[in-house]
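Chemist: Just so we're aligned, residue 1 is where the sequence shown starts under the UniProt record's numbering, counting upward by one.
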Amino acid sequence: MQFLSSTIGRLAAAILRRDLLRVRDAGCALSDGKLDTRVYLSANSPLHSFGDAFNSMAGRLAVLMASHKELTSAVSHELRHPLMRLRFRHSLVMEAVTPDEREHNLERMSEDLDLLDRLADELLTYAQLERAEPEVRLEKLQVAPWLAAIERQGREMVGARGDDLALEFRVCAIELRAEPRYLARAVGNLLSNAIRFASHKIRVTVESDPSGSRIHVDDDGPGVPTGAREQVFEPFWRGDASRDRKAAGFGIGLALVRRIARWHGGDATVGESALGGARFTISW
Ligand SMILES: Nc1ncnc2c1ncn2[C@@H]1O[C@H](COP(=O)(O)OP(=O)(O)OP(=O)(O)O)[C@@H](O)[C@H]1O
Ligand SMILES: [Mg+2]
């Protein structure tokens with residue numbers, strides 16, 4: 001009997017040692033940059049749940065590293081064009097024969113400097129919002145006064161467009177649980193896109209019921225093609241038609257919308273609107 005129990009004890013210790021070595025080796029591989037490393041332990045290993053936790057940490061690390069790489073390469077890409085133009089214009093200024101020629105090229109340079117300024121600003125906001133994640137506190141929010149401020153800004157943007165775009169608000173909720181500033185920013189971003197893309201009509205709907213809350217922004221513009229409905233939420237992604245730098249931004253607006261929706265424990269999605277264009281929805 002004693003022999004049996006000591007054999008079982010030795011066996012358990014050997015299994016534990018083997019699994020600990022596996023986790024240690026996986027940890028070493030991970031720290032060497034092999035981000036696809038995972039540990040596989042049998043279901044009855046005493047370290048099984050430890051192995052699962054290790055794997056989910058490794059998975060999360062891989063996703064974070066990939067998204068940072070993507071962001072860095074997107075930022076370098078955004079910087080390259082205005083910098084190239086600045087260098088080119090600078091050489092034209094140096095070689096300019098007439099004052100008019102010099103003036104013209106200096107004006108173009110100033111436009112590119114403004115563009116770089118805006119890019120720095122957007123990136124700063126994006127980074128700030130990324131850092132702010134743990135500070136997001138949902139509170140009880142009275143919809144009417146909160147939405148009134150968004151509506152005011154929306155009407156100003158519609159005014160700047162200078163045509164007869166109809167902006168309608170449908171409010172089917174009195175209160176929401178949300179972070180007012182961030183949620184207003186998210187809805188503002190959706191609204192500014194809709195104002196850019198709509199032909200004649202935009203509708204903002206706020207609803208809340210026991211299953212959750214939703215804000216829809218509908219427009220009658222060209223819509224978002226099925227194949228691009230995930231990509232639009234990636235930072236720096238822009239559709240071809242909106243690559244005109246004067247009219248469009250950097251492609252950060254929707255990435256922020258999704259981030260804010262996820263902090264609220266929900267998500268942001270896009271589909272087809274009954275108005276004929278895009279329907280963006282924040283649900284949480
Ligand atoms: N309402 C819409 N209808 C059609 N396409 C849209 C709509 N909203 C966004 N998109 C597409 O998604 C892309 C990404 O939008 P996003 O708001 O992230 O960037 P942006 O508006 O180009 O720049 P930014 O918001 O940073 O100023 C847009 O460039 C456009 O191609
Ligand atoms: Mg936008």
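Think of the CB as a built atom: it goes at the ideal place given N, C-alpha and C, for glycine as much as any other residue.
Nothing here was measured: the structure is a model prediction, and the numbers come from that model.
Counting pairs of beta carbons, one from the stretch 156-171 and one from the stretch 195-206, are three or more of them closer than 8 Å?
Modeler: Because the criterion of three Cβ pairs below 8 Å is met, the stretch 156-171 and the stretch 195-206 touch.
Chemist: Within the present structure, is the beta-carbon of Leu-21 separated from the nearest heavy atom of ligand 2 by less than 7 Å?
Modeler: No, the beta carbon of Leu-21 sits no closer than 7 Å to any heavy atom of ligand 2.
Chemist: In whole angstroms, what is the alpha-carbon distance linking Leu-11 and Ala-29?
Modeler: One C-alpha to the other measures close to 27 Å.
Chemist: According to DSSP, what are the bridge partners of Lys-201?
Modeler: According to DSSP, which records beta bridges pairwise, Lys-201 is partnered with Ala-166.
Chemist: Can you give me the C-alpha to C-alpha distance between Phe-50 and Leu-79, rounded to a whole angstrom?
Modeler: Each residue's alpha carbon lies about 43 Å from the other.
Chemist: Reducing DSSP to helix, strand and coil, say where Thr-37 ends up.
Modeler: Looking at Thr-37 - three-state DSSP - the assignment turns out to be coil, as it is neither helix nor strand.
Chemist: Looking at Gly-251 and Trp-237, is the spacing between their C-beta atoms short of 8 Å?
Modeler: Yes.
Chemist: Our contact map puts Ala-178 next to His-264 with C-beta atoms below 8 Å; I'd like the distance itself, whole angstroms only.
Modeler: Yes, they are in contact, since the Cβ atoms of Ala-178 and His-264 sit about 6 Å apart, within 8 Å.
Chemist: If you measure from the CB of Gly-249, is any heavy atom of ligand 2 nearer than 7 Å?
Modeler: Yes - ligand 2 has a heavy atom lying nearer than 7 Å to the Cβ of Gly-249.
Chemist: Can the beta-carbon of Leu-61 be found closer than 8 Å to that of Leu-35?
Modeler: Yes, Cβ-Cβ distance for Leu-61 and Leu-35 is below 8 Å.
Chemist: Express the C-alpha separation of Asp-163 and Leu-191 in angstroms, rounding to a whole number.
Modeler: Between Leu-191 and Asp-163, the C-alpha separation is close to 16 Å.
Chemist: In this structure, how does DSSP classify Glu-95 when only helix, strand and coil are distinguished?
Modeler: Three-state DSSP puts Glu-95 in a helix.
Chemist: Here's the rule I'm using: 16 or more other beta-carbon atoms within 10 Å means buried, otherwise exposed. How should Leu-275 be labelled?
Modeler: With 16 or more other Cβ atoms within 10 Å, it is buried.
Chemist: Would you report the Cα separation of Asn-55 and Gly-271, rounded to the nearest angstrom?
Modeler: Cα-Cα distance, rounded: 34 Å.
Chemist: Can you list the alpha helix (DSSP H) stretches of 4 or more residues lying completely in the stretch 107-188, in chain order?
Modeler: Complete alpha helix (DSSP H) runs here, min 4: 143-161.
Chemist: Can you look up Ile-8 in the DSSP assignment and give me helix, strand or coil?
Modeler: Of the three classes helix, strand and coil, the one that applies to Ile-8 here is helix, per DSSP.
Chemist: Tell me which residues share the same chain as Leu-129 and place their Cβ nearer than 7 Å to its Cβ, disregarding the 5 neighbours each side in the sequence.
Modeler: The answer, listed in chain order, is Leu-256, Arg-259.
Chemist: Relative to ligand 1, is the shortest distance from any of its heavy atoms to the C-beta of Glu-122 smaller than 7 Å?
Modeler: Checking every heavy atom of ligand 1 against the Cβ of Glu-122, one is found closer than 7 Å.
Chemist: What do you get for Lys-201, buried or exposed, if any count of 16 or more other CB atoms within 10 angstroms of its CB means buried?
Modeler: Buried: at least 16 other Cβ atoms inside 10 Å.
Chemist: So, under 8 Å CB-CB, Ala-261 and Ala-149 are touching, yes? Tell me the CB distance rounded to an integer number of Å.
Modeler: The Cβ separation is near 20 Å, so there is no contact.
Chemist: Examine ligand 1 and report whether any of its heavy atoms sits within less than 7 Å of the Cβ of Trp-263.
Modeler: No - ligand 1 has no heavy atom lying nearer than 7 Å to the Cβ of Trp-263.
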